[in-house]
Amino acid sequence: MNSIRIAVATLALALGLYAVGCGGNDKNPTGPGPTPADVTINIIGNNGSNSYSPSPDTVSVGQTVAWHNSDSMTHTATSTSGTAIGTGGIAPGATSAKVAMNTTGTFNYQCTIHPTMTGILVVKP
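For the sequence shown, our numbering begins at 2 and goes up steadily by one.
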């Protein structure tokens, strides 16, 4: 009788492990990645003079912007007033998350790590 219980328990455990192993995976590593931003601004180091390129840059309302760090040190792109732009730290070689520009205007931004590094983004209707 005990051997039957052990066999049933072993079978149930095996089926449970099989079901877990065959479970779905929401991530598709071979599928398409996230869509890129409409506009990408580069962060560059030029003989110690860090900058955003292009700056100024112009986008239309509703477009998305990302910043790609082509420099060898971490940078940010952060609004100097308001909260329209705020990338957080962008590691060397990385690209920030997309920022949706939903309001018209001229937006000044800077690197909070290197405050003399500034940029301008114009959002037109």
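For each residue, glycine too, the CB sits at the ideal point set by N, CA and C. Keep in mind the model is a prediction, meaning the values are calculated, not measured.
DSSP three-state call for residue i: helix, strand or coil?
| i | result |
| --- | --- |
| Ile114 | coil |
| Lys99 | coil |
| Pro119 | Residue identity differs from the one stated: residue 119 is Thr in this sequence, not Pro. Strand. |
| Thr104 | coil |
When burial is assigned at 16 or more other CB atoms within 10 Å of the CB, is residue i buried or exposed?
| i | result |
| --- | --- |
| Met74 | exposed |
| Asn47 | exposed |
| Asn70 | buried |
| Ala78 | buried |
| Ala92 | exposed |
| Val40 | buried |
| Pro30 | For Pro30, the pLDDT reaches just 46, beneath the cut-off of 50, and the residue's location in the model is therefore unreliable, leaving the point undetermined. |
| Thr84 | exposed |
| Val62 | exposed |
| Ala20 | Residue placement at Ala20 is flagged as unreliable, the pLDDT there being 41, under the threshold of 50; the coordinate-derived value follows with that caveat. Its Cβ having fewer than 16 others within 10 Å, Ala20 is exposed. |
| Gly106 | exposed |
| Ala38 | buried |
In the DSSP assignment, what residue or residues form a beta bridge with residue i?
| i | result |
| --- | --- |
| Gly90 | Note: Gly90 sits in no beta bridge, so no partner. |
Review point. Where are the beta strand (DSSP E) runs, 3 residues long or more, that stay fully inside the stretch 38 to 86, in chain order?
Key: Fully enclosed beta strand (DSSP E) runs of 3 or longer: 40 to 47, 50 to 54, 58 to 61, 65 to 70.
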